[in-house]
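The structure appears right after this line, and notes come after that.
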Amino acid sequence: MPAVMRGTPGLSLNDSVSERLLRERIIILGSEVRDTNANEITAQLLLLAAEDPEKDITLYINSPGGSVTAGMAIYDTMQLIEPDVATIAMGLAASMGQFLLTAGAKGKRSALPHTRILMHQPSAGVGGTAADIAIQADMLTKSKRELTELQSLHTGQPLERIEVDQDRDRWFTAQEALEYGFIDRVVSRAADQPGGPAAGGATGAGAKQ
1 MPAVMRGTPG LSLNDSVSER LLRERIIILG SEVRDTNANE ITAQLLLLAA EDPEKDITLY
61 INSPGGSVTA GMAIYDTMQL IEPDVATIAM GLAASMGQFL LTAGAKGKRS ALPHTRILMH
121 QPSAGVGGTA ADIAIQADML TKSKRELTEL QSLHTGQPLE RIEVDQDRDR WFTAQEALEY
181 GFIDRVVSRA ADQPGGPAAG GATGAGAKQ
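Spelled out as structure tokens, the structure:
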């Protein structure tokens, strides 16, 4: 049974924490990227953008990756809305988690000191008839090309280097991620992140990734 906040009948502790963070314009991606949490995160981004289009939103990421299509829904919404979306990696930002980290507003992408970051190419299980397999393989190739081009855009690395580096699992420390262009700074205190202590409120098809 979920813990219930004293004095807040029917409100679970998790719900209360999420609501408090949302009021501070903080969103958490703390699990695999999938349709359910992508829908929730995109809704939160749209809500906060409508409330104040001038104030930054902060997205904390601790994720092993997940669905490419779900991740791209979050990515496209980040690019769509008016406020900058600052990103902060903690623990693990792998695969689609790494991509969303790097897609944050330029100058506002951070990682905590002991974060590990993983880049690799998207993958997917294929099955069915030979025609089905060919269609799925074509879609996977297109997804890989699209993600490679966006990685190059957001990191400043040449397209050819991204293609080589993501061909196999490549792990980065926070400092290595900074040098590669995934992030703009390594932070050990909230005050080091653009926006100050709150780290928010600053101005300013089934494939797996």
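Numbering follows full-length UniProt numbering, with no gaps: position 150 of the sequence shown is 150. For glycine and all other residues, C-beta sits at the position ideal for the given N, C-alpha and C.
query = For residue 68, which three-state DSSP category applies?
reply = helix
| task | Under the assumption that residue 65 contacts residue 32 (Cβ atoms under 8 Å), give the Cβ distance between them as a whole number of angstroms. | result | 7 Å
Residue 198 (DSSP reduced to helix, strand or coil): With a pLDDT of only 45 at residue 198, under 50, the local geometry of the prediction cannot be trusted, and the value read off the model is given with reservation. It is coil, neither helix nor strand.
| message | Tell me whether the stretch 113-124 and the stretch 170-181 touch, counting them as touching only if at least three CB pairs, one residue from each stretch, are closer than 8 Å. | response | yes
(request) Check whether the stretch 183-191 touches the stretch 137-149, taking contact to mean three or more Cβ pairs, one atom from each stretch, closer than 8 Å. (result) no
Could you have a look at residue 2 and say whether DSSP puts it in helix, strand or coil? With a pLDDT of only 38 at residue 2, under 50, the local geometry of the prediction cannot be trusted, and the value read off the model is given with reservation. Coil.
Can you tell me the Cα-Cα spacing of residue 18 and residue 38, whole angstroms? 15 Å
- Is there contact between the stretch 77-91 and the stretch 145-158, where contact requires at least three CB pairs shorter than 8 Å? no
Q. When the Cα of residue 104 is compared with those of 51, 21, 69 and 27, which residue comes out closest?
A. 27
Alpha helix (DSSP H) runs contained entirely in the stretch 148-174, provided each spans 4 or more residues | 159-165
Which residue's Cα is closest to the Cα of residue 179: 75, 156 and 160? 156
Nonlocal neighbours in the same chain, by C-beta distance under 6 Å from residue 166, ignoring five residues either side
119, 120 and 121
| query | In its own chain, which residues sit with a C-beta less than 6 Å from the C-beta of residue 269, not counting the 5 before and 5 after it? | reply | Residue numbering for the chain in the displayed model covers 1 to 209; residue 269 lies beyond these limits and cannot be assessed.
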